[in-house]
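Per my numbering, numbering through the sequence shown is continuous, rising by one, with the last residue being 92. Think of the CB as a built atom: it goes at the ideal place given N, C-alpha and C, for glycine as much as any other residue. Below: the structure, in structure tokens.
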Amino acid sequence: MAGWSVAGLGIGMAFSTLSVLMLDRSEDGEEGANSSAMQINDAVVQSLWLALGSVAFALLLPVAPLWAFVLAFGSSFLLAAAALLLVRRLRN
Numbered sequence: 001m002a003g004w005s006v007a008g009l010g011i012g013m014a015f016s017t018l019s020v021l022m023l024d025r026s027e028d029g030e031e032g033a034n035s036s037a038m039q040i041n042d043a044v045v046q047s048l049w050l051a052l053g054s055v056a057f058a059l060l061l062p063v064a065p066l067w068a069f070v071l072a073f074g075s076s077f078l079l080a081a082a083a084l085l086l087v088r089r090l091r092n
């Protein structure tokens with residue numbers, strides 16, 4: 001339960017920060033379009049990542065259970081690492 005609380009807090013803080021950054025970098029009059037694009041992108045990417053990860057996990061689980069979990073957690077770790085590299089660009 002504590003892990004879920006920490007994860008939820010982190011997600012909530014990150015999403016608020018991204019929304020503020022997006023609104024700050026939007027031109028006047030484009031805030032609504034950019035906000036809706038961000039929400040759509042958030043939903044589509046999460047759905048796609050979950051679907052692809054589930055298919056890969058289901059295909060690999062009967063053959064190599066350990067590697068199915070390594071793939072699931074490792075790919076999420078790599079995605080998070082890539083996001084950290086991209087975030088460094090936004091500071092400037």
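(message) Beta-carbon within less than 7 Å of Asn34's beta-carbon, same chain only, minus the 5 sequence neighbours each way: which residues are those?
(response) Met22 and Ser26
(message) Extract the residue ranges of the alpha helix (DSSP H) inside the stretch 10-66, only unbroken runs of 4 or more that lie entirely within it.
(response) 31-60
(request) Write down the C-beta distance between Leu61 and Ala68 rounded to the nearest angstrom, noting that I regard them as a contact closer than 8 Å. (result) 4 Å
(request) Could you say which of Gly10, Ala58 and Val63 lies nearest to Ala94 if we only look at CA atoms? (result) This structure does not reach residue 94, given that the chain is present from 1 up to 92, and the question cannot be answered.
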